[in-house]
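Here the structure is laid out as structure tokens; the discussion comes afterwards.
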Amino acid sequence: MKPENEMNLSFPSYSANEAFSRAAVSAFVAQLDPTVDELCDIKTAVSEAVTNCIVHAYRSTIGTIYINCKIYGDGKVIVKVRDRGCGIENVEQAMQPLYTTAGEERAGLGFAVMDSFMDRLHVTSKPGKGTSVILQKTLRRRTSENG
Amino acid sequence: MGVRLIFKNAVLTALLSGEIDHHAAREIRSEIDGTAERVKPQKLILDFADVQFMDSSGVGLIMGRCKLMQIWNGTVEIVNLPPKIERIVSLAGLNQLCTIEKGEQNEAGK
């Protein structure tokens, strides 16, 4: 199926861009008339994915983070967050709740939150090449019963 | 955006505001710890009334403050937790680490 609309975003991995990136995705997805809760879920998942790029992928450097967002007529939202950072050796292990390699008070819940707040989470990674996280959620179509 | 601290009767209250993510958590952490380590309160209250957004970086922030307070046997209490932030807090099982008092149903939450 062809997306109804699509946007691409790229920005340097400064932590100040965490708020910008989730707000940008949220503003784009607003076209589908999501509920406040649905928008909050997507914002949180995007924030986790982008934070992973900043904290892990580009740990000791500043690199570019790429976001692609597609929205579909049936209410489906697909957000892809990609980096060209260090990559993940063992994706399965990295996705375990509470697993973290970063000191700095990381809860190790990033992937668990993405998984729980979205319908689908798909992670692909190549060590030394980068990581791609695909987040998918279908918004409930709201009928206009309340006028 | 950030945190405002009030210390009274051995209780340190941190009035948090804005969006708590990895970027904001750093500053909030150093503000709270700077004061807490000096005054060593019996209780640290984290007030979420004015927090609009929180991701797992906020969970890390809460867990870290619980650990800090344990050093001198202090406790942590989370108050006015908005419904939309409650979900991530329960996902993290923070209720086993500190007391949580939920906020009122936000009219924008539905």
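First to last, the protein sequences are chains A and B.
Per the numbering used here, residue 81 is the first one in the first sequence, and the count goes up by one each step.
Per the numbering used here, residue 989 is the first one in the second sequence, and the count goes up by one each step.
We put the CB at the ideal spot given by N, CA and C, even for glycine.
- DSSP, read as helix, strand or coil, puts B/Pro-1071 in helix.
- For B/Phe-1041, the nearest beta carbon of chain A is closer than 9 Å to its own beta carbon.
- By DSSP's assignment, A/Gln-216 forms a beta bridge with A/Ile-158, A/Arg-200.
- In this structure, the alpha-carbon of A/Lys-160 lies about 35 Å from that of B/Val-1067.
- Interface criterion met: the Cβ of A/Leu-189 is under 9 Å from a Cβ in chain B.
- Between A/Ser-95 and B/Arg-1053, the C-beta spacing is not below 9 Å.
- Cα atoms of A/Ile-214 and A/Arg-200: separation of roughly 8 Å, rounded to the nearest angstrom.
- Looking at the DSSP output, B/Met-1051 sits in no beta bridge, so it has no partner there.
- Within its own chain, the residues whose Cβ lies closer than 6 Å to the Cβ of A/Ser-205, once the five positions on either side in sequence are excluded, are Gly-167, Ile-168, Val-171, Thr-211, listed in chain order.
- Here A/Thr-181 is exposed, its C-beta having fewer than 16 other C-beta atoms within 10 Å.
- Per DSSP, A/Thr-131 has no beta bridge partner at all.
- Three or more beta-carbon pairs drawn from the segment 1009-1027 of chain B and the segment 1037-1047 of chain B are found closer than 8 Å, and the two stretches are therefore classed as touching.
- If you look at B/Thr-1023, you'll find it in the alpha helix (DSSP H) that goes 1010-1027.
- In the DSSP assignment, the residues bridged to A/Asp-163 are A/Ile-145, A/Thr-211.
- In this structure, DSSP gives B/Gln-1084 a helical state, which the three-state scheme calls helix.
- Using a Cβ-Cβ cut-off of 8 Å, B/Ala-1080 is close to Ala-187, Leu-189 of chain A, given in chain order.
- By the Cβ-count criterion, B/Leu-1004 is buried, with 16 or more other Cβ atoms from all chains shown falling within 10 Å of its own Cβ.
- Relative to the Cα of B/Ala-998, the nearest Cα in the group B/Ala-1080, B/Met-1051, B/Gly-1091, B/Thr-1023 belongs to B/Thr-1023.
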